[in-house]
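Per the working numbering, the sequence shown starts with residue 348, numbered consecutively. For each residue, glycine too, the CB sits at the ideal point set by N, CA and C.
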Amino acid sequence: MSKKNTGEMIQYQYGSQYGFTLIEVMLTMSIVAIIAGFSSLFYGRFVFSQEVSVVQDELQGSFAKAQMYSMTGKDDALWGVTFRVSDNSIVLFRGDTFATRDETRDEIYNVGSKITVSGLDEILFARITGRPDNTPTITISGNGTTDVLSVNAEGVLSLE
348 MSKKNTGEMI QYQYGSQYGF TLIEVMLTMS IVAIIAGFSS LFYGRFVFSQ EVSVVQDELQ
408 GSFAKAQMYS MTGKDDALWG VTFRVSDNSI VLFRGDTFAT RDETRDEIYN VGSKITVSGL
468 DEILFARITG RPDNTPTITI SGNGTTDVLS VNAEGVLSLE
């Protein structure tokens, strides 16, 4: 700030004015808030829709593992996969049935509470051939996304 004496009045002259006005700051913050709000909405939908794919991948992995274990005769037992509704989980198990399985050998994958799996009761894979004892159609759904999977006679899980 400089001071000039022009006779009767003293004028103060301010240098260049740097900075932002309150309106500019509020406008910028509003735009950032709107973009963040939309981004979080779309990100949330994306993440949730991916949960269905993750469950599908877990099922495929469990089927492949149970089939391989049965074919190779791991622990000299049959292996299978089931969906346990009581705690919303996929269970890879060792035994002739889920009811008579060796619980210490269970491999459990918990499915999110917002995901629904239907059509998978219990599948056992045969020794040597690895063929399943049944070929169900499995539906995985959540947040408007639905995947329908089928098990063929060879025990391969595929998306319909």
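Beta-carbon spacing of residue i, residue j below 8 Å
i, j, result
"Met418", "Gly489", "no"
"Asp399", "Ile487", "Checking the displayed sequence, the identity of residue 399 turns out to be Val instead of Asp. Yes, these two residues count as a Cβ contact at 8 Å."
"Ala413", "Val428", "yes"
"Asn435", "Ser460", "yes"
"Ile455", "Leu406", "no"
"Phe410", "Leu471", "no"
"Val347", "Ile462", "Look at the range of the chain in this structure, 348 to 507, and you will see that residue 347 is not part of it."
"Arg441", "Asp468", "no"
"Val379", "Phe430", "no"
"Asn457", "Thr482", "no"
Rounded straight-line distance, which links the Cα of residue j to that of residue i
i, j, result
"Ile485", "Thr492", "14 Å"
"Gly502", "Asp404", "15 Å"
"Arg392", "Phe385", "11 Å"
"Ala473", "Gly420", "10 Å"
"Met376", "Asp494", "40 Å"
"Gly366", "Ser387", "31 Å"
"Pro479", "Asp449", "19 Å"
"Thr444", "Arg452", "13 Å"
"Ala424", "Leu439", "13 Å"
"Tyr390", "Met415", "37 Å"
"Ser291", "Gly466", "Coverage of the chain is limited to positions 348 through 507, which leaves residue 291 absent and any answer about it impossible."
"Ile381", "Leu374", "11 Å"
"Leu506", "Ala383", "35 Å"
"Ser497", "Trp426", "19 Å"
"Leu369", "Gly408", "57 Å"
Problem set entry | Sequence ranges, beta strand (DSSP E) only - wholly within the stretch 416–491, length at least 3 | 426–431, 436–441, 454–457, 463–465, 469–472, 484–489
For this session: Could you name each continuous alpha helix (DSSP H) segment of 4 residues or more that falls completely within the stretch 367–400, going from the start of the chain to the end?
Result: none
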